[in-house]
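J.: Could you have a look at this structure, given as structure tokens, before my questions?
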DNA sequence: GTGTAAAAAGAAAGCGCTTAACAAAATAGA
DNA sequence: TCTATTTTGTTAAGCGCTTTCTTTTTACAC
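Protein chains in written order, with full-length UniProt numbering: chain A, 1 to 357; chain B, 1 to 357.
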């Protein structure tokens, strides 16, 4: 490891003072063009990179954003992170990534503690802003010490949370209407004539699940009624859909006409279970879901789902975060993106249209 | 934003000197238990977090690792990152995440420049170690300025690269045998009696593609021969498999008996194309691939693929990186993980067994 | 030439911390 | 009791930079 070259070295090489070199680095005006060019040349020749730690100490800016994410393997978050990375990079920020879920499910206390630790870490590092995706915030009830830690963090550093607003939290929230999206897909399935509809997937105690499930139930109750045997929660992954559908298929109960899967990945498992039983979607059982994950059009059948326009979430959240960092007045426009039904094959709408032609 | 509390404030509150407080923070022995406890109490009461920038300046350690990744949306990398995050966090490091691909494909110059910029950024931030996943390193030929920048980075900070060794690069490489995995799946397909086999997916000019394609061709040439019309490269995503398979299905050429997809996601698109043409895998066309992505067992048909044990890559890479950071002698054991065939449904091996019973 | 204002350059303080060097106090041995 | 040693605490330097305050240089008018 070579010894790092410092601003002092550059000053010496250029035969000038440290402060003049600093002025050149920071594009301060009061340096003559001649000297400026000379110094720039020397900086380039020696491949000098100013030490950001030192700059950060005095300027109180680290050009760093912390991203706290509960599950980096979830493509919903990955999508978000990659958007966030690009926008941040273009704005001159680098991301500190903090994942708070180890592997699989964790017990609640443990994950709460992990997030609180993350906040401490963030505080130590003096980042300029914090973005929180999912995690504890998704829970229906948040521990008091978590809320305290989060508010303390937000006292020191601007925090923007992508998720549903929670009471008592002072951070800024950017949210999507999770109720509405489940309502849309349930209405669609009902409109196609299905009356006995199952709900599969989602983790109990997590807000997105309760909201979507509530939407499902309320909507169902208008035209039909919910058979509680047909509501099977678990988590958000294909295995969950597979197990859920299988238990329905293997039970004594009458089979449903249709299934609302909590998201496309769960639907994937549902399809697999159906196929294993020689059944077919949409002909035997229609399946609809939410979230429009990438590549849903390659599933067999192509999945009918609800696009929440999550692709704009990262952009909006950063927009706010940058405003907070710069102490600007918040301008909460351009936030509304309504969920939108994407009709593909798995609910059978197109097939029905063809028949009616 | 509250004013941050500093070590000075703690010293004043504790009626002692800054250095004594520092000793307590750093668990230095020469402080009496009484004073130590008193100071610890005050630190806790005031929720004091030492400023890591300041600590980093003097100690030359930032407890930060940079992770440079070309495409954070690729689940192969996401898997890797999430492992890396957990291990790093447990070792007291936080990750700086730098994604170098914006969206979709980029032209080569642009992405080279993005990575070089990333290296500069890393240098400025004085991280303790760097991990590189994919990116330029994957290309068959690397630009000179890229190699120079990479070597300069490695001169200052330990760099570990997960990928195939490139000439002239001084960083440490951790690799998997990409040739072997394609060889395995091709052999499997040949052993099942297929002779006319297509190769779909992968990006020309990227090393993993050339290596797997070379393995495919060499293996094929032993028992059969390669019809160049049946080799269709593009990229690594379902669309690529879909388009590739479709073009085969729509062409005048005789259809292949089997397909080697470069990875499971490409195979996914292949299945979709087959299905659109009323064809079925493995009955009409067998499909095998590499990489054993998560949830492959939920595909229809369940995919037969080759597990590269990439799950151990992150662990091994960090193991080395930590050794380099601590200036330890490198101990390159436990590195061998042979690729392994996972037989599921899509090549038809099990069906054949049943028939023979 | 002198005088003055503006521009350019430099000196020095300080960001929050660690740590070497030193000083003081406590303990031990003679 | 007195010195030698160990333990505990303090002072101050310095990490690499920014920035305020000062000084020097330059430009221009008279």
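Positions of the beta carbon are idealized from the N, C-alpha and C atoms, including for glycine.
Between residue 86/A and residue 99/B, what straight-line distance do the alpha-carbon atoms span, to the nearest angstrom?
T.: Position 86 of the first chain, counted from the first residue, corresponds to residue 86/A. Position 99 of the second chain, counted from the first residue, corresponds to residue 99/B. Roughly 8 Å separates the two Cα atoms.
J.: Can we say the region 46-60 of chain A touches the region 71-80 of chain A, given the rule of at least three CB pairs closer than 8 Å?
T.: The region 46-60 of chain A is not in contact with the region 71-80 of chain A.
J.: Would residue 282/A be called buried (16 or more neighbouring beta carbons within 10 Å of its own) or exposed?
T.: Looking up residue 282/A in the first chain gives position 282. Per the 10 Å Cβ criterion, buried.
J.: Measure from the alpha carbon of residue 232/A to the alpha carbon of each residue in 244/A, 132/A, 110/A and 311/A, then state which is nearest.
T.: Residue numbering aside, residue 232/A sits at position 232 when the first chain is read from its first letter. The candidate whose alpha carbon is nearest that of residue 232/A is 244/A.
J.: Please work out which residues of its chain come closer than 7 Å, Cβ to Cβ, to residue 91/A, disregarding the five sequence neighbours upstream and downstream, and give them in chain order.
T.: The residue labelled residue 91/A in the question sits at position 91 within the first chain. Here the set comprises 322.
J.: Whether or not the region 174-185 of chain B and the region 141-151 of chain B are in contact is what I'm after, with contact meaning three or more pairs of Cβ atoms, one per stretch, closer than 8 Å; do they touch?
T.: The region 141-151 of chain B is not in contact with the region 174-185 of chain B.
J.: For the region 227-260 of chain B, enumerate the residues whose C-beta is nearer than 7 Å to any C-beta of chain A, in chain order.
T.: Answer set for the region 227-260 of chain B: 238 and 242.
J.: Residue 446/B: which of 143/B, 93/B and 112/B sits nearest, CA to CA?
T.: Limits of chain B in this structure are 1 at one end and 357 at the other, which puts residue 446/B out of reach.
J.: Using DSSP with H/G/I as helix, E/B as strand and the rest coil, what is residue 171/A?
T.: The sequence position of residue 171/A within the first chain is 171, counting from 1. In the structure shown, residue 171/A sits in coil (DSSP, three-state: anything other than H, G, I, E or B).
J.: Do residue 261/B and residue 197/B count as a contact pair if the criterion is CB distance below 8 Å?
T.: To locate residue 197/B, count along the second chain from 1; it is residue 197. To locate residue 261/B, count along the second chain from 1; it is residue 261. Their beta carbons are not under 8 Å apart, which means residue 197/B does not touch residue 261/B by this criterion.
J.: Which residues in chain A have a C-beta closer than 8 Å to the C-beta of residue 57/B? List them in chain order.
T.: Sequence index remark: in the second chain, residue 57/B carries index 57 (1-based). Within 8 Å Cβ-Cβ: 51, 53, 54 and 57.
J.: Name the residue from 154/A, 258/A and 139/A whose alpha carbon lies nearest to the alpha carbon of residue 202/A.
T.: Here the question's residue 202/A lines up with position 202 in the first chain. The residue with the shortest Cα to Cα distance from residue 202/A is 139/A.
J.: Residue ranges of each alpha helix (DSSP H) run of no fewer than 4 residues wholly in the region 185-237 of chain B, ordered along the chain?
T.: For the region 185-237 of chain B, whole alpha helix (DSSP H) runs of length 4 or above, ordered along the chain, are 207-223.
J.: Could you give the first and the last residue of the continuous beta strand (DSSP E) run that contains residue 131/B?
T.: Here residue 131/B is taken as the residue at index 131 of the second chain, counted from 1. Segment 129-133, the beta strand (DSSP E) holding residue 131/B.
J.: If contacts are defined as beta-carbon pairs under 8 Å, then residue 135/A and residue 115/A qualify, I think. What distance do you get, rounded to the angstrom?
T.: Position 135 of the first chain, counting from 1, holds the residue named residue 135/A. Position 115 of the first chain, counting from 1, holds the residue named residue 115/A. The Cβ separation is near 6 Å, so the contact holds.
J.: Which stretch, first to last residue, makes up the alpha helix (DSSP H) that contains residue 161/A?
T.: The residue given as residue 161/A occupies position 161 in the first chain. Premise fails: residue 161/A lies in the beta strand (DSSP E), 159-162, not in any alpha helix (DSSP H).
J.: Output, in chain order, the set of chain B residues within a Cβ distance shorter than 8 Å of residue 344/A.
T.: Locating residue 344/A in the first chain gives position 344, counting from the first residue. Per Cβ cutoff of 8 Å: no residues; residue 344/A is ~12 Å from chain B at best.
J.: Among 329/B, 324/B and 314/B, which one has its Cα closest to the Cα of residue 163/B?
T.: As a first step, residue 163/B is located in the second chain; it is residue number 163 there, counting from the start. Answer by Cα proximity: 314/B.
J.: Of the residues 154/A, 210/A, 308/A and 47/A, which one's Cα is nearest the Cα of residue 325/A?
T.: Taking the first chain and counting its residues from 1, one reaches residue 325/A at position 325. The shortest Cα separation from residue 325/A among 154/A, 210/A, 308/A and 47/A belongs to 154/A.
J.: Can you tell me where the beta strand (DSSP E) holding residue 85/B begins and where it ends?
T.: The count along the second chain starts at 1 and reaches residue 85/B at position 85. Looking at the DSSP string, residue 85/B is not in any beta strand (DSSP E); the run it does join, the alpha helix (DSSP H), is 75-90.
J.: State the start and end residues of the unbroken beta strand (DSSP E) segment that holds residue 288/A.
T.: Numbered from 1 along the first chain, position 288 holds the residue referred to as residue 288/A. Unbroken beta strand (DSSP E) run through residue 288/A: 286-289.
J.: Among 89/B, 206/B, 341/B and 88/B, which residue has its Cα nearest to the Cα of residue 234/B?
T.: Your numbering for residue 234/B matches position 234 in the second chain. Residue 234/B has its Cα closest to that of 206/B, out of 89/B, 206/B, 341/B and 88/B.
J.: Below 8 Å on the Cβ atoms is my guess for residue 339/B versus residue 184/B; work out the distance and round it to an integer in Å.
T.: Here residue 339/B refers to the residue found at position 339 when the second chain is read from its first residue. Here residue 184/B refers to the residue found at position 184 when the second chain is read from its first residue. Indeed, because the Cβ distance is near 6 Å, the residues count as touching under 8 Å.
J.: Is it buried or exposed, residue 238/A, if we count other Cβ atoms within 10 angstroms and call 16 or more buried?
T.: One-based indexing of the first chain puts residue 238/A at position 238. It counts as buried.
J.: Where does the unbroken alpha helix (DSSP H) through residue 325/A begin, and where does it stop?
T.: Walking along the first chain from the start, residue 325/A turns up at place 325. Element bounds for residue 325/A: 313-325.
J.: Distance check for residue 219/A and residue 304/A, CA to CA, integer angstroms please.
T.: On the first chain, position 304 is the one that residue 304/A refers to. On the first chain, position 219 is the one that residue 219/A refers to. Going by the C-alpha atoms only, they are around 18 Å apart.
J.: So is residue 85/A in contact with chain B if we call contact Cβ pairs under 8 Å?
T.: Walking along the first chain from the start, residue 85/A turns up at place 85. For residue 85/A, the answer is yes, since a Cβ of chain B falls inside 8 Å of its Cβ.
J.: Identify each residue in the region 272-286 of chain B for which the Cβ-Cβ distance to at least one residue of chain A is less than 7 Å, and report them in chain order.
T.: Correct list: 272 and 275.
J.: Taking 8 Å as the cut-off, decide whether the C-beta atoms of residue 342/B and residue 349/B are in contact.
T.: Reading the second chain from its first residue, position 342 is the one you call residue 342/B. Reading the second chain from its first residue, position 349 is the one you call residue 349/B. Against a cut-off of 8 Å, the Cβ pair of residue 349/B and residue 342/B comes out as no contact.
J.: Hey, residue 62/B and residue 271/A: beta-carbon distance below 8 Å or not?
T.: For this step, residue 62/B is matched to residue 62 along the second chain. For this step, residue 271/A is matched to residue 271 along the first chain. Their beta carbons are not under 8 Å apart, which means residue 62/B does not touch residue 271/A by this criterion.
J.: Could you tell me whether any Cβ in chain A is nearer than 8 Å to the Cβ of residue 126/B?
T.: Working through the second chain from its first residue, we reach residue 126/B at position 126. Judged by the 8 Å Cβ criterion, residue 126/B is in contact with chain A.
J.: Tell me which residues of the region 146-158 of chain A have at least one Cβ-Cβ distance to chain B shorter than 9 Å, keeping chain order.
T.: So the close ones are 152, 155, 156, 157 and 158.
J.: With DSSP run on the structure shown, which of helix, strand or coil describes residue 97/B?
T.: Within the second chain, numbered from 1, the residue matching residue 97/B stands at position 97. Three-state result, residue 97/B: strand.
J.: Could you tell me if residue 191/A is buried or exposed, where buried requires 16 or more neighbouring beta carbons within 10 angstroms of its beta carbon?
T.: Here residue 191/A corresponds to residue number 191 of the first chain, with the count starting at 1. Its Cβ having fewer than 16 others within 10 Å, residue 191/A is exposed.
J.: Using a beta-carbon distance below 8 Å, is residue 78/B in contact with chain A?
T.: Reading the second chain from its first residue, position 78 is the one you call residue 78/B. Yes, its Cβ sits closer than 8 Å to a Cβ of chain A.
J.: Run down chain A in chain order and give the residues with a C-beta less than 7 Å from the C-beta of residue 359/B.
T.: Nothing about residue 359/B can be reported from this structure: the residues present for chain B run from 1 to 357 only.
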